[in-house]
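In this note's numbering, the protein residues as written are 257 to 503.
Some notes on the structure that comes next.
Now the structure itself:
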């Protein structure tokens, strides 16, 4: 099916690190759900080169936003990295994907596990009322390599304050030690009950788990949760684990 491309305009380009950045842009895309992804692209050597990115923005925002990592030998991201306010960027008119709250069954607590830019889709979801209304507690675990990759902290704090502090934010950093953050990979922290102890919550059959990011982290985490009897959530057979793999 052919993609209908919309020309959009960059309104803000934030560089979190030398390679990690987020772009806000405006354009007349069709309404989308929090948790869905788009494709953004640029004309490079006469060809429209595009890649998929989850929206960080939510449907009620007056802008669109993605977060990305510049790949040194990549075709698109070095060009994305050079964009400035007022530059043009192409985006899919219609978003896609099923990593949305209406695909997640009800439960007592919602656990969100993200690595790297996988956090972005959870920011989109947390900007909506649905997760806050449906779950008693929300635990957000964000795994990164270094502390400067812990993005959107102010946004997370503001959303939590707005929603009666129902969210427990747990950062984990693998390549350096930092006060307030664990120094473990996500599956290891889960296996050692570090996150459960920090949150003072257990992961049970009544929990819902959403996972987004590095495929290795996802596979290891799903396997670990499976040992406790938690299963993938599918439309044909609802379960506890909803996931979105990057790359």
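Every residue gets a Cβ at the ideal spot worked out from N, C-alpha and C, and that includes glycine.
Provide the residue span of the alpha helix (DSSP H) that contains residue 478, from first to last.
471-482
Measuring only the C-alpha atoms, how far is residue 408 from residue 398?
The alpha-carbon separation between residue 408 and residue 398 amounts to approximately 11 Å.
Put residue 377 into one of helix, strand or coil per three-state DSSP.
Of the three classes helix, strand and coil, the one that applies to residue 377 here is helix, per DSSP.
Just to confirm, is the Cβ distance from residue 417 to residue 466 under 8 Å?
no
Are residue 395 and residue 455 touching if we call contact CB-CB under 8 Å?
When the beta-carbon positions are compared, residue 395 and residue 455 come within less than 8 Å of each other.
Can you name the residues that DSSP bridges to residue 428?
399, 438
In the DSSP output, which residue or residues are listed as bridge partners for residue 297?
306, 346
Quick check on the DSSP output: the beta strand (DSSP E) that includes residue 388 runs from which residue to which?
From DSSP, residue 388 is part of no beta strand (DSSP E) but of the alpha helix (DSSP H) over 386-390.
Could you please give the first and the last residue of the uninterrupted alpha helix (DSSP H) stretch that includes residue 501?
Where residue 501 is concerned, there is no enclosing alpha helix (DSSP H), although the beta strand (DSSP E) it sits in stretches over 497-501.
With DSSP run on the structure shown, which of helix, strand or coil describes residue 409?
helix
From which residue to which residue does the beta strand (DSSP E) around residue 281 run?
Membership of residue 281 in the beta strand (DSSP E) is indicated by the continuous run 276-282.
Give me the DSSP bridge partner(s) of residue 272.
Per DSSP, none; premise fails for residue 272.
Compare the Cα-Cα distances from residue 307 to each of 297, 445, 281 and report the closest residue.
297
Short of 8 Å in beta carbon distance, which residues of its chain neighbour residue 387, apart from the five on each side in sequence? Order them along the chain.
357, 366, 381, 394
Note down, in chain order, each residue of its chain lying with its Cβ closer than 6 Å to the Cβ of residue 479, except the 5 sequence neighbours on either side.
none
Does the beta-carbon of residue 526 have 16 or more other beta-carbons within 10 angstroms, so that it is buried, or is it exposed?
Coverage of the chain is limited to positions 257 through 503, which leaves residue 526 absent and any answer about it impossible.
At which residues does the beta strand (DSSP E) containing residue 369 begin and terminate?
Per DSSP, residue 369 belongs to the beta strand (DSSP E) from 365-371.
Could you tell me which of 327, 435, 488, 424 sits nearest to residue 368, measuring between CA atoms?
424
Would you kindly check if the distance between the Cβ of residue 278 and the Cβ of residue 323 is under 8 Å?
Less than 8 Å separates the beta-carbon of residue 323 from that of residue 278.
Whole angstroms are fine: how far does the CA of residue 345 sit from the CA of residue 261?
Distance from the CA of residue 261 to the CA of residue 345, rounded to the nearest whole angstrom, comes to 10 Å.
Excluding sequence positions up to five away, which residues of its chain have a Cβ less than 7 Å from the Cβ of residue 431?
401, 402
Can you list, in chain order, the residues of its chain whose CB lies under 7 Å from that of residue 362, leaving out five sequence neighbours each side?
390
Comparing C-alpha positions only, which one of 270, 275, 332 sits nearest to residue 303?
332
Does the distance from the CB of residue 374 to the CB of residue 312 come in under 8 Å?
no
Tell me, which residues are paired with residue 466 by DSSP?
368, 498
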